[in-house]
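Everything on this sheet refers to the single structure shown next.
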Amino acid sequence: MIVAHKAGIPVFVTGGIGGVHREGEKTMDVSADLTELGRTAVAVVSAGVKSILDIGRTLEYLETQGVCVAAFGDSREFPAFFSRQSGFQAPCQVQNEEEAAKLIASTLALGLGSGVLIAVPCPKEEAASGQVIEAAIQEALSNARSKGITGKELTPFMLQKVNELTSGKSLDSNIALIQNNARVGSRIAVALSKIQTSTGKGNLPRREKVTALRPVVIGGINVDFIAKARNTTIQEVSFKIYLVSQEFCLEQNCVISISKHVCLPLKCMCTFIFCFLMGGSIQYS
3 MIVAHKAGIP VFVTGGIGGV HREGEKTMDV SADLTELGRT AVAVVSAGVK SILDIGRTLE
63 YLETQGVCVA AFGDSREFPA FFSRQSGFQA PCQVQNEEEA AKLIASTLAL GLGSGVLIAV
123 PCPKEEAASG QVIEAAIQEA LSNARSKGIT GKELTPFMLQ KVNELTSGKS LDSNIALIQN
183 NARVGSRIAV ALSKIQTSTG KGNLPRREKV TALRPVVIGG INVDFIAKAR NTTIQEVSFK
243 IYLVSQEFCL EQNCVISISK HVCLPLKCMC TFIFCFLMGG SIQYS
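Going by this note's numbering, the letters in the sequence shown line up with residues 3 to 287, in that order.
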């Protein structure tokens, strides 16, 4: 969700979001998905909440976080991942992709900073029976308690155990719902793009204007002079020389290069050091 938001992608598709774990009122085991939905302006399309979680408390937590939750289709029944029924009603309902896109566009236009959850039920032909799944979940929970499995290890254990107890039916439903979510999510994204194009509002979040800074070169500037006398024989203290070459150190070269190739004014803090290794009065041309 964070990466999608930073990249200006308003619709994110996944299988099912995390939520409040069963007996979460005791363990305080709550997925960070819910907190992120409350502070990230992205629409998440999923098959609801994983049925191994506490769906009722998850919906309550999403309401607390200010997340708009909508059931997709002809019913307000909130889907339970593997099955189409959870026994809980979503706060609102969208009939099709166009209605979902309008809901998302309105939420983004308000600039609330919170996300939207579009709960898409698993296709009827692939959905598992709610009673069968719930029985498998209860048995899996009992096994998890007896083995002392908690925390981040609980979800993968539960999913694997439910798959075993349902003879692979839950896995078939999982694959089908992911494919269906991708199909619905892509259509919602297309519909949303059309709305934003017609209203002149793009996906990328606003960025503050950044003023380019001027470079500063700090360091000493040594100027090296290589000189030769006009006469090979030096008989006087004062004599004339002619300059053969003049070289600068790294800092001075940086200053010259930046001044030539950078349009912005340059600030330079440095010390000029002239080293004359020859005594007397030096004259050069």
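Backbone N, C-alpha and C fix where the C-beta goes; we use that ideal spot for every residue, glycine too. The structure displayed is predicted, hence computed values, not measured ones.
Let me make sure I understand the geometry here. Which of the options has the alpha-carbon closest to that of residue i?
i	options	result
G10	G21, V71, L110	L110
L179	I4, T16, A6, K8	T16
G75	E100, V134, T29, C256	E100
G68	V51, G113, A82, T29	G113
A102	C256, E166, A6, I197	I197
L194	N98, E25, V134, E141	N98
K8	S108, G115, V51, T29	G115
K126	R185, C256, Q87, K28	Q87
E141	G153, Q162, E155	Q162
V186	S53, A73, T66, E27	A73
K28	Q95, N182, G153	G153
S53	T157, I258, G202	T157
Q95	E79, S108, A191	E79
T201	S108, E155, I177, G221	S108
L105	G221, I190, T199	I190
G221	V192, S77, V257, T66	V257
Short of 7 Å in beta carbon distance, which residues of its chain neighbour residue i, apart from the five on each side in sequence? Order them along the chain.
i	result
L64	L36, L39, V71, L119
G281	For G281, the predicted structure reports a pLDDT of 42, less than 50, and the residue's modelled location is therefore unreliable. A value from the coordinates is still provided. Counting only Cβ-Cβ distances below 7 Å, and skipping sequence neighbours, we find nothing.
S175	F84, C124, E128, A129, A130
V22	V32, L55, D56, R59, T60, Y63
S148	none
N165	S172, L173
N182	V122, C124, P125
I151	F159
Under 8 Å Cβ to Cβ from residue i, same chain only, skipping five residues before and after it: list those, please.
i	result
I4	E38, T42
A184	V15
N255	none
I139	S53, I54, M160, V164
Look at the Cβ atom of residue i, then the Cβ atom of residue j, and state whether they are nearer than 8 Å.
i	j	result
A137	M160	no
P93	V122	no
L167	R24	no
I135	S188	no
G18	V51	yes
Check the DSSP bridge columns for residue i and list the partner residues they point to.
i	result
Q95	A73
V22	V32
S85	A82
L15	Note on residue identity: the sequence assigns Val, not Leu, to residue 15. According to DSSP, which records beta bridges pairwise, V15 is partnered with V47.
L110	None, per the DSSP bridge assignment.
V118	A45, C70
L55	H23
Could you name the residues of the same chain whose beta carbon sits closer than 6 Å to that of residue i, not counting the 5 residues immediately before and after it, in chain order?
i	result
K58	Inspection of the sequence shows that residue 58 is occupied by Gly rather than by Lys. These residues qualify, in order along the chain: F90.
F278	Only weak support exists for where F278 lies, its pLDDT of 43 falling under 50; the coordinates are left without a value.
G20	S33, D35
A6	F14, V44
*Three or more C-beta pairs closer than 8 Å, one from the stretch 47-63 and one from the stretch 12-31: is that the case here?*
Yes, the stretch 47-63 touches the stretch 12-31.
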